[in-house]
Structure formats: C-alpha cells, structure tokens
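Q:
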Amino acid sequence: MLIVAGSIIAEPGERDTFLGAVQSMVSATLEEPGCQEYAFSPDPNDDNRVMLFELWDDQHALDGHFASAHMAQWQEVRGTLKVVSADIKKYIISEVGTLP
Numbered sequence: 000m001l002i003v004a005g006s007i008i009a010e011p012g013e014r015d016t017f018l019g020a021v022q023s024m025v026s027a028t029l030e031e032p033g034c035q036e037y038a039f040s041p042d043p044n045d046d047n048r049v050m051l052f053e054l055w056d057d058q059h060a061l062d063g064h065f066a067s068a069h070m071a072q073w074q075e076v077r078g079t080l081k082v083v084s085a086d087i088k089k090y091i092i093s094e095v096g097t098l099p
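Residue numbering for the sequence shown follows numbering that gives the first Met the number 0, beginning at 0 and increasing consecutively.
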C-alpha cells in the first residue's frame, strides 16, 4: 500500500481556482483500479494551502495513474494555475492497524 501526501501553496486568492480546476481529474482518478482515496482539501488554517492525500493499492496502480490520459490533461491545466510551491511525498506502508 502507498500513501501520497503533501501540500500545494497557491498564490494569494488563487486556492479556489486550483480546487475547481482539479475536480475533473479527481473524479476520474477515483475510478482508477487500485485507487482507494484521492483528495485535494483546503487547509482550514491557511487560505493559500491545499492538502493532498492519496491511498493506492500498490506501485503498479500509481504508475497507471501517472500514465493516464486525465493525468496528462491535468499536467497541462496545472501549468496554467498560479502555484507558489508543492511538497508531495510517497510513503510505502507495510502495515495498517486501527486506532483504539
């Protein structure tokens, strides 16, 4: 199992534009095999920050996502958005348990 998580900082006043632009890619990604979770969420403590959380079955599923047509289209759209920075990391999970 893999988690991809991080944050994107939009230019001031541009977060809602970013979140609107990403919606069609999110919808398509949630239909991909091996995608368990895929969400971009506004940070309630920072008006410019978007949080990203993805949960994938395995690397093969994530590779398929990066090779998808909707991801290629998103990369084109993403290039037009006013983003200051992004810090996104992949975590390889060997065990999952519930919290008490």
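No residue lacks a Cβ here, since even glycine has one placed at the ideal position from N, Cα and C. Remember, it's a predicted structure, so these values are computed and weren't measured experimentally.
Taking just the CA atoms, how far does D56 sit from L98?
A: Working through the sequence shown from its first residue, we reach residue 98 at position 99. Working through the sequence shown from its first residue, we reach residue 56 at position 57. Those two C-alpha atoms are separated by around 21 Å.
Q: Please check the pair I7 and V82, which I expect to be a contact at CB under 8 Å, by giving their CB distance rounded to whole angstroms.
A: Taking the sequence shown and counting its residues from 1, one reaches residue 7 at position 8. Taking the sequence shown and counting its residues from 1, one reaches residue 82 at position 83. Rounded, the Cβ-Cβ distance is 6 Å, consistent with contact.
Q: My output table needs one value for S84: the three-state DSSP class, helix, strand or coil.
A: Locating residue 84 in the sequence shown gives position 85, counting from the first residue. Here S84 sits in strand by DSSP.
Q: Tell me S40's beta-bridge partners as DSSP assigns them.
A: The residue given as residue 40 occupies position 41 in the sequence shown. DSSP lists M50 as partners of S40.
Q: Please classify Y37 as buried or exposed, where buried requires at least 16 neighbouring CB atoms within 10 angstroms.
A: In the sequence shown, residue 37 corresponds to position 38, counting from 1. Looking at its Cβ environment, which holds 16 or more other Cβ atoms inside 10 Å, Y37 is buried.
Q: Would you list the residues sitting across from A9 in a DSSP beta bridge?
A: Looking up residue 9 in the sequence shown gives position 10. Answer is V82.
Q: Under the three-state reduction of DSSP, which class applies to L1: helix, strand or coil?
A: One-based indexing of the sequence shown puts residue 1 at position 2. L1 falls in the strand class under three-state DSSP.
Q: Roughly how many angstroms separate the alpha carbons of E10 and I87, rounded to a whole number?
A: Indexing the sequence shown from 1 puts residue 10 at position 11. Indexing the sequence shown from 1 puts residue 87 at position 88. Roughly 17 Å between the two C-alpha positions.
Q: With distances taken between CB atoms, is the gap from V3 to L51 smaller than 8 Å?
A: Taking the first residue of the sequence shown as position 1, residue 3 is located at position 4. Taking the first residue of the sequence shown as position 1, residue 51 is located at position 52. Yes, these two residues count as a Cβ contact at 8 Å.
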